[in-house]
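Q: Take the position in the sequence shown, starting the count at 1, then add 21; the result is the number in this note's numbering.
Don't be surprised by glycine CBs; every beta carbon is placed ideally from N, CA and C.
On a predicted model such as this, the values are computed, not experimentally measured, just so you know.
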Amino acid sequence: MRVLISEAQIRDRVRELGTQLSREYAGRPLTILGVLTGSVVLLADLIRATAVPLRVALISASSYGGTRTSPGTLSVNSSLVPDLKGRDVVILDDIFDTGHTLVGMFDAVKAFEPKSVKSAVLLWKSDRTTVELIPDFYGFKIPDEFVVGYGLDYNDEFRHLPYIGIPDQDDLIAASGHGTPAS
Ligand code: IMP
Ligand code: MG
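1) Report yes or no: do three or more beta-carbon pairs, one from the segment 37 to 49 and one from the segment 60 to 77, lie closer than 8 Å?
2) Cβ-heavy atom distance between L113 and ligand 1 below 7 Å?
3) Cβ of L67 within 7 Å of any heavy atom in ligand 1?
4) Count the other C-beta atoms from every protein chain shown that fall within 10 angstroms of the C-beta of G5, then say buried if there are 16 or more, exposed otherwise.
5) Can you check the segment 63 to 134 for any alpha helix (DSSP H) of at least 4 residues that lies completely inside it and give the ranges in chain order?
6) What does DSSP give as the partner residues of L173 in its beta bridges?
7) Give me the DSSP bridge partner(s) of I187.
8) On the DSSP letters alone, give me the boundaries of the beta strand (DSSP E) that L154 sits inside.
9) Of the residues M126, G198, V168 and S27, which one's Cα is nearest the Cα of I53?
See below:
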């Protein structure tokens with residue numbers, strides 16, 4: 022698999038993002054809300070790079086009827102979300118592609134009456150973004166390539182890779198063979 026962003030590059034950039042969040046949210050009641058499942062690797066690293074008191078929470082979203090590259094109808098499950106009233110919230114996801122997932126998340130989170138809501142992602146496919154929203158914090162802008170690793174999956178595989186890679190056809194076929202083929 023071709024490595025697009027190495028483990029060392031990710032480590033350095035996540036540290037910078039932590040510093041950015043630490044400056045922005047010093048003295049404020051921060052909750053970092055990770056979007057399951059893609060954000061979990063970034064979440065674990067970013068919270069340890071952020072030097073302000075903070076809370077961690079999780080939210081999940083699934084997109085039904087979409088394909089690998091185009092989103093379907095988004096269903097947000099906020100049953101795990103704690104009280105966010107009066108808190109500053111950063112919604113954390115692995116990637117900002119078309120932006121539909123993050124838009125759905127903002128709507129769901131606003132119902133909890135937080136003090137503020139911003140978004141942070143590791144990757145931003147800026148050429149594909151079709152919504153008004155842009156991520157407030159992001160690690161890397163990337164071209165329109167399907168990527169996996171560091172939380173990002175294909176057919177739920179590859180999330181554990183420590184780098185961001187571009188899978189070739191053989192990688193995708195191998196991953197599809199381990200379960201239901203992805204659409
Ligand atoms: P959006 O709603 O189009 O912004 O897409 C966001 C979601 O699509 C992410 O949370 C990922 O689950 C998935 N996604 C988009 N691009 C990729 C990719 O290149 N690799 C793996 N997942 C992706
Ligand atoms: Mg995802």
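A: Based on what the coordinates show:
1) yes
2) Not under cutoff, so the answer is no.
3) no
4) Any property of residue 5 remains undetermined from this structure, which presents the chain solely from 22 to 204.
5) Fully enclosed alpha helix (DSSP H) runs of 4 or longer: 121 to 131.
6) G170
7) R23
8) First-last for L154: undefined, no H or E at that position.
9) Here the closest residue by C-alpha is M126.
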